[in-house]
Amino acid sequence: MRRFTAWGMASLAVAGLGLLCQPVGADAPGPQLGEPAPDFALTTIDGRPVRLADYRGKTLVINVWGSWCPPCRIETPDLADAARRDPRRVAFLGVDTTESASVVRAFVAAKGVPYPQIAIPATSAFVRTYAIEAYPTTFVIDPRGVLRARHADNVLPAAQLRAYVAAAQRGESAPLVSAFQRQLDALLDPARYAFTGGAPAVRTQVARAEAAIAQSDALLEDAMDDPSRDHDLIATQAEQERLRAAAIAALAPVATDADQVTLARLRGDEAVSFAAWAQADASYAAALRLAPDDPGALGGDAYAAAELGDDARVVQLREELVRLHPSAPGYVALGRALAKLHRIDAAEDAFTRAVSSAQADAARLAWTNLYFARMEVDAGNAAKARAAFAAAGSAAARIASGDPRAVWYLEQAQEGTVALDVDRGATLGLSLAPWTGPDLPGSVTSTIKYRLVVTGAAGATVVLAASGLPAHWIGSFCSDRVCAPFRTELVLPPEGVKVVEFQVVPTTPARGPIAFRIAGHSRGRSVTTGATIAHP
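Just so we're aligned: 1052 in my numbering is position 390 of the sequence shown, and the numbers increase by one with no gaps anywhere.
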């Protein structure tokens, strides 16, 4: 999907987060369907070199993702299942362009992803050549090396991916077929907007077009956790741009002084769609000269200034945004901008304000703490990062049951903690969180389940032991299709990360909260973790 923010385009305008993807114009950059896919030379997180030529004779699915991106997390099980289905004829490759190898290792271990993964910087040649502007984006390349599908956003339901792969194996490109895409196409059809008549009529149609573009963004945002709403993000953004261009062309000849803010803001949005950052900056600045408090122009100019590398002005614009519209997303954006200037104390103050602003909303609080933690990771403050990840996990546990964000944020909080442990190298680490996702083979249904992630040196033997449970209750460690009560011994794989399902099996009544502990021992080092069962 677009670079993710949980509160949509309105938050982007007010907060200036820069987390939504840069829209793609009518002539989308990057590789084109039916043409040879660009070559690449990359290295997996386990050190194996890979090139496009290595996959000649197979259909290759490249999935570009980030652990912070909920749609990426939603589609991961489908991709993992598809990768196991026909490994002799279809190969999968994961590429994370925004996170470190340690974060990738933590996610892959937690999700059981079976295919190779790569962590590369967003400035890499692969990102430029393949024009990565949305997360997730999936490419399907046929056995002769020809690009057959380029799908921005979730590739859901799984049937669509199967259609892409089957067509690629025939040397063809399969279209995306979706009722939701037809809805978007109709909403953005320029034929619905008669940009004719006098100035008042044109002005009315321009306002309708702006509202339609905003509505399509809102629909796309709502669709991120709905597998039935598959769509072509690149095509939709091209449709948005065509409608926007028609609105600009109609308004410009009849624009009065009162229309100049709208016209300048539209031109700024159009320039953003073509990555013309200097032009976007100039257009938004023109709007702000006429309306200094216009949130759309402020947010857009902050986005453009960030792309231009003018970090000091980004901070000024973000400070103005939070002055006008104080909010958790706004303070997060300000904190991120300050951290980029290495003003860590000021960034921490902004994040503290964000946390305070988010207290009433558990989902927003979890999201805020995740960004707080990542800022501290980048600043090298591991202890503060660990505390913020813990706060994110606690907030995620308060999110209403059934809200998918509870799972997303809980998993991200644990994966962030695990990544900190991986970064410490051979040091033994334990991370415990409520279990999410499907049970591991061998687990028992209807028990209290936790995901225990063990990190340490590759090949190290780790002894795990549980204590603190009521008499006759069972604490069971499940991994590798085997469950062991109270105590187990495991060997860490080459990536140094092992996921264990820890089950608590109540066998007798008990009162009050129950605090239990899990201890890990390896090579003379011991660590402990634990949790409290509030309602046995």
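Ideal Cβ placement from N, Cα and C applies to all residues, glycine included.
Under 8 Å between C-beta atoms of residue i and residue j
| i | j | result |
| --- | --- | --- |
| ALA874 | LEU838 | no |
| VAL765 | SER729 | yes |
| PRO732 | MET886 | yes |
| ALA912 | VAL864 | yes |
| ALA1016 | LEU1032 | no |
| TYR1071 | ALA1052 | no |
| GLY1158 | VAL1080 | no |
| ALA763 | VAL1161 | no |
| GLU1151 | THR1123 | yes |
| SER1138 | PRO1147 | yes |
| VAL923 | LEU952 | yes |
| PRO805 | GLY719 | yes |
| LEU846 | SER890 | no |
| THR1109 | VAL1069 | no |
| LEU1090 | ALA1044 | no |
| VAL817 | GLU737 | yes |
| ALA966 | ASP943 | yes |
Exposure label - residue i; buried when at least 16 CB within 10 Å
| i | result |
| --- | --- |
| SER1188 | exposed |
| VAL1153 | exposed |
| VAL1125 | exposed |
| PRO778 | buried |
| SER1063 | exposed |
| HIS893 | buried |
| SER1018 | exposed |
| MET671 | Interpretation of MET671 is limited by its pLDDT of 30, a score under 50 that renders its predicted location unreliable; the figure taken from the coordinates is listed afterwards. Buried, by the Cβ-count rule. |
| GLN694 | exposed |
| ARG735 | buried |
| PRO749 | exposed |
| ASP888 | exposed |
Span of the alpha helix (DSSP H), counted from its first residue to its last, around residue i
| i | result |
| --- | --- |
| GLY1186 | Counting along the chain, GLY1186 falls outside any alpha helix (DSSP H), and DSSP gives it neither H nor E. |
| GLU1010 | 1006-1019 |
| ASN1031 | 1024-1041 |
| SER890 | It is not in any alpha helix (DSSP H) - SER890 carries neither H nor E in the DSSP assignment. |
| THR1218 | Residue 1218 falls outside the range modelled here, since the chain spans only 663 to 1198, and no answer is possible. |
| VAL923 | 922-935 |
| TRP939 | 939-952 |
| ALA911 | 895-913 |
| LEU979 | 973-986 |
Beta-carbon contacts of residue i that lie in its chain and below 8 Å, excluding the five residues immediately before and after
| i | result |
| --- | --- |
| GLY1130 | ILE1176, ALA1177, PHE1178, ARG1179 and GLY1192 |
| GLN1021 | LEU1027 |
| ALA914 | LEU925 |
| SER786 | THR759 |
| THR1190 | LEU1092, ARG1179, ILE1180, ALA1181 and GLY1182 |
| ALA742 | LYS773, GLY774, VAL775, PRO776 and TYR777 |
| ALA908 | PRO852, TYR855, PHE857 and ALA871 |
Boundaries of the beta strand (DSSP E) in which residue i is found, first to last residue
| i | result |
| --- | --- |
| CYS734 | No beta strand (DSSP E) contains CYS734, which is instead part of the alpha helix (DSSP H) from 732-747. |
| ARG710 | Counting along the chain, ARG710 falls outside any beta strand (DSSP E), and DSSP gives it neither H nor E. |
| GLN1165 | 1159-1167 |
| PRO991 | Careful: PRO991 lies outside any beta strand (DSSP E), inside the alpha helix (DSSP H) at 990-1002. |
| SER1141 | 1136-1141 |
| PHE1048 | A small correction: the amino acid at residue 1048 is Arg; Phe does not occupy that position in the sequence shown. First-last for ARG1048: 1044-1058, but that is the alpha helix (DSSP H), not the beta strand (DSSP E). |
| ALA1146 | 1144-1147 |
| ILE724 | 721-727 |
| ALA967 | Careful: ALA967 lies outside any beta strand (DSSP E), inside the alpha helix (DSSP H) at 957-969. |
| THR705 | 703-705 |
Close beta carbons around residue i, own chain, < 6 Å, minus the five adjacent residues each side
| i | result |
| --- | --- |
| LEU996 | ARG980, VAL984 and ALA1012 |
| GLN831 | THR721 |
| LEU1094 | TYR1112, LEU1114, THR1191 and ALA1193 |
| PHE754 | VAL723, ALA745 and TYR777 |
| HIS1134 | THR1169 and THR1170 |
| ALA959 | ARG927, TYR946, ALA949 and LEU950 |
| PHE801 | ILE724 and ARG812 |
| TYR826 | VAL802, ALA811 and ALA836 |
| ARG1149 | ALA1127 |
Proximal residues to residue i (C-beta, below 7 Å), its chain only, five neighbours per side dropped
| i | result |
| --- | --- |
| GLY692 | TYR792 and ALA793 |
| ALA688 | Low confidence applies here, because ALA688 scores a pLDDT of 36, under 50, leaving its location unreliable; read the following figure in that light. Only ALA900, GLU903 and ARG904 meet the Cβ criterion. |
| GLU607 | No statement about residue 607 is possible, as the shown extent of the chain runs from 663 to 1198 and does not include it. |
| ASP1040 | ALA1001 |
| LEU704 | VAL712, ILE780, ILE782 and PHE788 |
| PRO1156 | ASP708 and ALA1120 |
| ASP931 | ARG906 and GLY962 |
| THR1030 | ALA990, VAL994, ALA1016, VAL1017 and ALA1020 |
Beta strand (DSSP E) segments (min. 3 residues) lying fully within the segment 1067-1127: 1091-1096 and 1110-1117
At what residue ranges does the segment 745-793 contain a whole run of the beta strand (DSSP E), taking only runs of 3 or more? 752-758 and 779-781
Go through the segment 800-852 residue by residue and report every complete run of the alpha helix (DSSP H) that reaches 4 residues or more, in order. 820-831 and 841-849
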